[in-house]
Amino acid sequence: MAARPYRLSLDMLWDRDRTGVTRTGGWLAPMLALLAAACALTSCAPAAPSTAPSPGPPRDAAQGPVIISLNPCLDAILAEVAAPDQVLALSHYSRDPRSSSIPAATAARFGVTGGTAEEVIALAPDLVLASSFIAPTTRSALERAGIRVETFGSPTTVDESIAQVRKAARLMHRGPEGEALVQEMRRAAEPVADARPVSTLLWQPGGIVPGEATLVAQMLRAKSFANHAAAMGLGQADFVALETVLADPPELLLVAGDSAAQRHPLLARLEDTRVEMLDPRLLFCGGRSVVGLGMRLETLRARLP
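Per the UniProt record's numbering, the very first residue in the sequence shown carries number 1; after that it's consecutive.
If you want it as structure tokens, here you go:
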């Protein structure tokens, strides 16, 4: 018996190089496309089964559409803004703490799919929310089945993230709920008044740093943290070795990764550098993450002169 072909969904994560974190997607998409083609011609292992629910009963149009998300950043907006019975399934990334910005307990309340067109069509949603990197073949198959597909790019500013929340809320028929989140985001992004800039190096997962044109960099500036990486001549997603940090330490080192270098005991010996941990999930996406990041940065800033 011939082995079942492996199905690989190319609805990749947003290009995190533009939001401040390098994640699967963007430049990896062509490589994964080649892998998918190779698996179609060979006997790759079958995809893991989804935990998506069965299609529910018909809904009144006034209740809003039933929705499937194929992207972890959209998962977070959907889980917060939509009515619970509108959420048919989240992406499988929602169950992976390395990819998701929503709490595990929240993600567990919803079903998930593996992102294949077959799974989504079988569940018969009214609307699919996906990243702009959704595979063209997947999008085409969904639209041929009469399913509306709305795509979202990668926000690089708070305003862009707010616009995405509002767009998603409109699609869900949940304008007031979306606006409530927007107001929290605006408050979290308010600049700190009369505070001196603190030289800060944000050391992200993988040992990289964010560029200036990213959402996280905007949040750092708003809370009066100066990008030490830029002062060192580093740009978006540049790698920083332990030796570099020790040779030119910032006043504040924010560690969001867990590599051996980022946990090295020599960091604690830096006399004029405060070392603090930052939950990497606060760097994923926008939306609710903006609120959490703003609160964390304000707490850190209050501890510094």
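Glycine residues also receive a C-beta, built at the ideal position from the N, C-alpha and C atoms.
Since this is a predicted model, take the numbers as computed values, not measurements.
Item                                                                                                                                                                 : Value
Going straight from the alpha carbon of valine 209 to that of glycine 115, what length do you get?                                                                   : 30 Å
Put alanine 226 into one of helix, strand or coil per three-state DSSP.                                                                                              : strand
Using a Cβ-Cβ cut-off of 6 Å (strictly less than) and excluding sequence neighbours within five positions of threonine 299, which residues of its own chain qualify? : none
What do you get for isoleucine 77, buried or exposed, if any count of 16 or more other CB atoms within 10 angstroms of its CB means buried?                          : buried
With DSSP as the reference, please indicate the residues paired to arginine 148 in a beta bridge.                                                                    : Leu127
Measure the alpha-carbon distance for alanine 108 versus proline 97 and round it to whole angstroms.                                                                 : 12 Å
Alanine 130 and threonine 151 - do their beta-carbons sit closer together than 8 Å?                                                                                  : yes
Kindly indicate the opening and closing residues of the beta strand (DSSP E) around isoleucine 68.                                                                   : 67-69
Using the beta-carbon count (16 or more within 10 Å), is leucine 297 buried or exposed?                                                                              : buried
In this structure, how does DSSP classify leucine 88 when only helix, strand and coil are distinguished?                                                             : strand
Just the C-alpha distance for valine 240 and serine 289, rounded to the nearest angstrom, thanks.                                                                    : 25 Å
Checking contacts by CB at 8 Å: is serine 94 closer than that to chain C?                                                                                            : Reference to chain C is not applicable here, since this structure consists of a single protein chain.
With DSSP run on the structure shown, which of helix, strand or coil describes arginine 98?                                                                          : coil
What residue does the beta strand (DSSP E) around threonine 200 start on, and which one ends it?                                                                     : 198-203
If you measure between the beta carbons of leucine 201 and valine 245, is that distance less than 8 Å?                                                               : yes
How about alanine 261 and leucine 234: do their beta carbons lie closer than 8 Å?                                                                                    : no
Using only alpha-carbon positions, find the residue among Ser69, Gln164, Met232, Pro65 that is nearest to glycine 286.                                               : Gln164
Quick one: is leucine 70 buried, meaning 16 or more other Cβ sit within 10 Å of its Cβ, or exposed?                                                                  : buried
Assuming contact is defined by CB atoms lying nearer than 8 Å, are valine 66 and leucine 90 in contact in what I supplied?                                           : no
Quick one: Cα of serine 101 to Cα of phenylalanine 133, how far?                                                                                                     : 19 Å
May I ask you to report which of helix, strand or coil DSSP gives glutamate 212?                                                                                     : coil
May I ask you to list the residues that DSSP assigns as paired with residue 312?                                                                                     : Because the chain spans 1 through 305 in this model, residue 312 falls outside it and cannot be assessed.
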